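In the working numbering, the protein residues as written are 5 to 113. Structure record follows, encoded as structure tokens.
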């Protein structure tokens, strides 16, 4: 019998999403604004988003829509600031991605 932590469940698939470069946050009280990202019609990357649950963990995976190749992953933890909505839109978010102990913030729409 397999351990529940080995079992992956796909919670959500968004077939088309976009990644944007996010400038450094000027003031935490102001929050992130999609208007500061430049031209949102010219994203840095396009692909699909999948939210995966594995045991008690959850991951937001950004993958190539055709090949499934991983672009970035955001380990999601509730109330940890991994995903923040922007202040000027309901369609854009700032996501904290991690790779080999390093992290970065990207815009997601």
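Yeah, the Cβ is synthetic: ideal placement off N, Cα and C, and Gly gets one too. As the structure is a prediction and not an experimental result, all values here were calculated from the model.
Item to check | Spatial neighbours of residue 95 in its chain, beta-carbon cut-off 6 Å, leaving aside the 5 residues before and after | outcome: 113
Checklist entry - Taking the alpha carbon of residue 51 as the point to measure from, which residue in 75, 93, 103 and 85 has its own alpha carbon closest? => result 75
Checklist entry - Quick one: what does DSSP say residue 103 is sitting in, helix, strand or coil? => result strand
Item to check | the segment 21-29 contacting the segment 78-88, beta-carbon criterion three pairs below 8 Å | outcome: no
Checklist entry - Pick from 31, 103, 18 and 97: whose alpha carbon is nearest that of residue 69? => result 18
Item to check | Assigned exposure category for residue 54 - 16 Cβ within 10 Å defines buried | outcome: buried
Next on the checklist: Here's the rule: buried if 16 or more other CB atoms are within 10 angstroms of the residue's CB, otherwise exposed. What is residue 21?
Outcome noted: buried
Next on the checklist: How far does the beta strand (DSSP E) with residue 77 in it extend, from its first residue to its last?
Outcome noted: 74-80
Item to check | Sub-8 Å separation of residue 35 and residue 87 beta-carbons | outcome: no
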